[in-house]
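Structure, as C-alpha cells:
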Amino acid sequence: MNKPPILQIKTSPHITLGADTPAIMRNVVFALLPATAFGVYVYGLTGFLVPAVTTLACLGTEWGVCRISGKSSSLGDWSAVITGLLLGLTLPPALPLWMAALGGFMAIVLGKVLFGGLGENLLNPALVGRAFLMAAFPASLTTWATPFLANRFSSMPSSLITPPFLQPTYDAVSGATPLGAWKFAGETTSALDSILGFTSGSIGESSALLIILGGLYLGFRGMLNWRIPLGVLASTALFSGILFIWRPETYASPIHHLFTGGLMLGAFFMATDMVTCPMTSKGIWIYSILIGLVVVVIRTWGGLPEGVMYAILLGNACTPLIERMSQPKPFGTRKEARS
Amino acid sequence: MLNANTFHHGIHPPEQKLTAADPIRRLGFAPTLVIPLAQHIGAPARPIVREGEEVIRGQVIAEPGGFVSVPYHAPVSGFIKRIGPTPSSSGMMTQGIYLEAHPSSGQTHKAHKGLSVDSATPEQIADAVLECGMTGLGGAGFPTHVKYRLPKGKTADTFIVNGAECEPYLTADHRILLEKGDCIVEGIRFALKATGAQRAIIGIEANKMDAVHALNQLIPAHLPISVQAVKVKYPQGAEKMLIQALTGRKVPPGKLPIDIGVVVSNAATVSELGYLLPRGLGLIERVITVSGPGVKKKGNYLIPIGTPLRYVLEQAGLTDDAGAVLLGGPMMGQTAAHMDLPVTKGTSGIVVLGSTQPAPQIMPCIRCGYCVEACPMFLNPSKLGRLAVKRQYEPMADDFHLMDCFECGSCSFVCPSHIPLVQHFRVAKNILREKKARP
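Right, dumping it as C-alpha cells:
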C-alpha cells in the first residue's frame, strides 16, 4: 500500500441511481418548451410576456419567502419555474400583466409556502394561482385574444399593460374557445384544428400534439407516471363517450373532449405533478379516473365550459384519502398491489 | 403478470462483476490474525485457550456460548497473543482472540471425526455442522446448525441454495459455483438429509449462465437437485425474494422460510459444508471478492478468517484515489472504520470505492414514488421517511410495517432527493428495539 487510505464512514447503499430532484424539475420545464414556443408563435409578444411574468413572479416570490424565513434559497430546485410556466400557459393571452404577476405570487404563497414548501403542498400550486385569478377576475380569465393576428410580434394588446385594479379594455377579442363555442352555441370545432393548435384558448393549451410530445419525452425518461395521462384521457373519453353514444345530438363527442381546452396540458403536466398525486399504482388509477369523470361532469352540466382545473384540484384534494385506501400491502400479506 | 423466476419491484444497479473470470486464489497468512468471538448472530463463543498457548491450525479455540452459537477454530498454527477487545464493523469493541501466526507447521487439527453422507443420521449431520463452526456465509451470520435442526412440528420440503449474488462487484459465489460444484452437490446431500427436504433448487442469477450450465453437467441425474436461472435484479439474493422466484411461495411478515417449508443456505455455505463435513475440518477460511475501482489486483481470494483488512489490501494494492473501504457489496455493505478490522465468516467481499464526491444535498421528498416502486417488500419508504424525520417511530412500525424492511437499500438507491431512507429506518428500528427492551 502506498499510503494508508483515508477511511470514509458512511451508510449504505454506497451507490445511487443518480436521479436528482432538480433534474426532474428541469426536464419538466424542457418538456413544456415546445408547447410554450407554439404559444408564442400563435399569440406573439403577449404569448411570451404572460408566461414570462408569471415565471418571474413565482421566482421572485420564492426568493422573497426564503429571505423572510431565513432559509437558503430554494430557487435551485426549479420547482418555482414549473409553477410559473404552467400558470402562464393556462392563462388567456391578453390577460393584464399585473394579474398574471399576482397569480404567480398567489401560486407560490397560497399553493406552496403556506403548506410548508416543496413536497408538502396538497394542491398543484399553478392551479391554485389560476383558481385564485378565476375567482378574482372571472371576466378577464374568460376573455380570449384572437390567435394569429398579423401584428402580433410588433405590438401587444392594450389590455396587457392595464394598470393594477383598473378595468382592462380588450381590442382584438376572439369569438369563443372551442369548448365555449360548443357549450354556449352548440358549434363544433374541427378536430384536426384543435389537435394541431389552430384554435383560440389559453397560451399553452392550443397544440395537443406538442403537449403529447413533451409528455412522451418525460414518460420515456421515467419522470412522468404514464398511468396518469392515460387514466385521465381514457376516463374522459369513456364517460363522454357513454353520453355521446346515448345522445349524440346533445352531448359533445369524446374527440372534442379530448383535444380541446386544457385537458391535454392538465393530463400530461398538471395531474402528473408528483407532489400532489398518489404514489401507488392503485391510487393513481383511482385518482386519474376521478379527474376524467369530473372533467366530463363540469364540462357537460357545469356552468363553465372548462373543468380541467377544478377536476385536478379536486383530485389533488382527494389524494390523501386515496393514499389511505391504496397503501401497498407488505410482501407476504395476501396479494400485494401490482405496479 | 409475474414473469417466472423473479419477484416484483426491485432495482437494476450496474453489475460491475469485474472479477467474474478470476479463479479463486489463496492469500497468505497475515503476521497476526484477529478472531472476534461474535462473528455470528447469537451468544458469543467462549475462548478455551489461554494467552501464550500454542495452537495448531484447525484446533478449536472457542466453544459455543449457547444453543444459538458456534465454535471457532484456529485459522493458522501459532501462539495466542492476547484475548481481549477487538474492533468490529459495527464500531463496538467485541471480545476476540489475537493469534500470532507461525505458518511453517503444515499440521492441521481435525474438529471432528468426519462424516459420510450415506451413513450419517440427521442429528449427526447437525452436530457436525455445529462442530465445524458454520454460520451463513452470505453475510447474516446465522448459525447454520440451528437452521438445519427444524423446530418441532415443522417440516421442510425444499432446500434452496442461494447462488443469486445480486450485490454489484461480488463474484465469490459465482466462482464457487463454477469451481466447487462437487462440494456443492455433496453439501446439498448433507443438507437434504439433515432437513428432510425432498428436493433442492440452486437459484442462480442469469448473469452467471456458465455456472448454471456447469452445475447442470455435474449434478447426477438420480439426485433431486435442479438448477434454476433467476432474473438479474436487485435484491434477487434476498432470502424472501429468492424463495418467491424459485417456488412462488411468499414468506409472511415476521415468519421464517421454514414456516412455508423451505430452508435456504448460501452457495458458499453449502460448498464449505460439502468440503468440511466429510473431512472433519472446521471453518477457517473463506472465498472473498476483493474488488472495486480502488483495488489494483482485483480477484477472488481464499482468505483465512481473522486476516486484518490492512493485510488483504496490502496484498491486493490500493490505487491512489481509493475511497471508502466496504465490507460486503455497495448496496448493503458497511464502511470499514478501521484497517485492523478482521475478515469474518460473514465477509463475502471487500470493495474499495474510488474517490467520492461530497455527499449530495438532501432535498425535500417530492413524493415521486420511485421508492414505492423499488421496495421489494412493498412498503412505502416515502411515508416511512417522513415519519422518521418527525421521530414518529411507533406509527412507522404499527401502521407502515417498518419491521418488514430488511435494509436492502433499493429506496435510497432510487431517491432523487438523496434522502438517507435506509439509515432513517435503521435508526428507527434500533430506537424501537431499545424502547421495547427498556420500556
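Just so you know, the protein sequences line up as chains A and B, in that order. One rule links them: number in this note's numbering = place in the first sequence (from 1) + 1186. One rule links them: number in this note's numbering = place in the second sequence (from 1) + 1024. Cβ atoms here follow ideal geometry from the backbone N, Cα and C, with glycine treated the same way.
- The shortest C-alpha to C-alpha distance from Leu1247 (chain B) to any of B:Ala1224, B:Met1265, B:Cys1395, B:Ala1253 is the one to B:Ala1224.
- Assignment of Lys1176 (chain B) by DSSP, reduced to helix, strand and coil, places it in the coil class.
- CA-CA distance, Leu1201 (chain B) to Gly1408 (chain A), rounds to 37 Å.
- Within chain A, no residue has its CB atom less than 8 Å from the CB of Ile1374 (chain B), the nearest being about 12 Å off.
- Per DSSP, the beta bridge partners of Val1286 (chain B) are B:Thr1182.
- For Ala1223 (chain A) and Ile1397 (chain A), the gap between their C-alpha atoms comes out near 11 Å.
- Contact between the region 1393-1401 of chain B and the region 1325-1339 of chain B is absent: fewer than three C-beta pairs spanning the two stretches fall below 8 Å.
- Beta-bridge pairing by DSSP links Asn1324 (chain B) to B:Ile1048, B:Thr1313.
- Contact of His1425 (chain B) with chain A by beta-carbon distance below 7 Å involves Pro1516.
- DSSP places Glu1087 (chain B) in the uninterrupted beta strand (DSSP E) bounded by 1084-1087.
- Between Thr1168 (chain B) and Ser1289 (chain B), the CB-CB gap stays under 8 Å.
- Nearest C-alpha to Asn1411 (chain A) among A:Met1511, A:Glu1435, A:Glu1373, A:Tyr1473: A:Tyr1473.
- Unbroken beta strand (DSSP E) stretches of 3 residues or longer found wholly inside the region 1128-1215 of chain B: 1182-1187, given in chain order.
- Close partners of Pro1324 (chain A) in chain B (Cβ separation under 7 Å) are lacking, with about 32 Å as the shortest Cβ gap.
- Chain order gives the chain A residues near Ala1360 (chain B) as Leu1193, where near means a beta carbon separation below 7 Å.
- Only buried fits Glu1248 (chain A), as 16 or more other CB atoms lie within 10 angstroms of its CB.
- With respect to chain B, the C-beta atom of Leu1313 (chain A) has no partner C-beta closer than 8 Å.
- The alpha-carbon of Thr1182 (chain B) is positioned some 31 Å away from that of Tyr1325 (chain B).
- If one requires a minimum length of 4 residues, the alpha helix (DSSP H) runs lying completely within the region 1424-1459 of chain B are 1434-1438, in chain order.
- Closer than 8 Å to the CB of Pro1506 (chain A) there is not a single CB belonging to chain B.
- Within chain A, the C-beta atoms nearer than 9 Å to that of Met1355 (chain B) come from Ser1198, Pro1199, His1200, Ile1201, in chain order.
- Setting aside the 5 residues that flank it on each side, Leu1456 (chain B) is surrounded in the same chain by Tyr1417, Ala1421, each with a C-beta closer than 7 Å to its C-beta; the list follows chain order.
- Closer than 7 Å at the C-beta level to chain A, one finds these residues of the region 1273-1304 of chain B: Lys1274, Val1275, Pro1276, Pro1277.
- In the DSSP annotation of this structure, the continuous segment of the alpha helix (DSSP H) that includes Glu1509 (chain A) starts and ends at 1494-1511.
- When only Cα atoms are considered, Ala1371 (chain A) and Gly1489 (chain A) end up about 14 Å apart.
- Rounded to whole angstroms, the Cβ separation of Lys1369 (chain B) and Thr1056 (chain B) is 18 Å, and the two are not in contact under 8 Å.
- Listed along chain B, the residues sitting closer than 7 Å to Thr1207 (chain A) by beta-carbon distance are Met1387, Ile1390, Pro1440, Ser1441.
- Pro1419 (chain B) is classed as exposed because its beta carbon has fewer than 16 other beta carbons within 10 Å across all chains shown.
- Going by C-alpha positions, Pro1491 (chain A) is about 18 Å away from Phe1318 (chain A).
- By the Cβ-count criterion, Ser1198 (chain A) is buried, with 16 or more other Cβ atoms from all chains shown falling within 10 Å of its own Cβ.
- By the Cβ-count criterion, Gln1358 (chain B) is buried, with 16 or more other Cβ atoms from all chains shown falling within 10 Å of its own Cβ.
- DSSP assignment within the region 1417-1476 of chain A yields the following whole alpha helix (DSSP H) runs of 4 residues or more, N-terminal first: 1440-1445.
- If only complete runs of 4 or more residues are kept, the region 1242-1309 of chain A shows the alpha helix (DSSP H) at 1265-1275, 1283-1297, in order along the chain.
- With a contact defined as Cβ atoms closer than 8 Å, Ser1441 (chain B) and Met1387 (chain B) qualify at about 4 Å.
- Put simply, the backbone Cα of Gly1262 (chain A) is about 10 Å away from that of Met1211 (chain A).
- Here Pro1311 (chain A) is not near Gly1289 (chain A), since their CB atoms are 8 Å or more apart.
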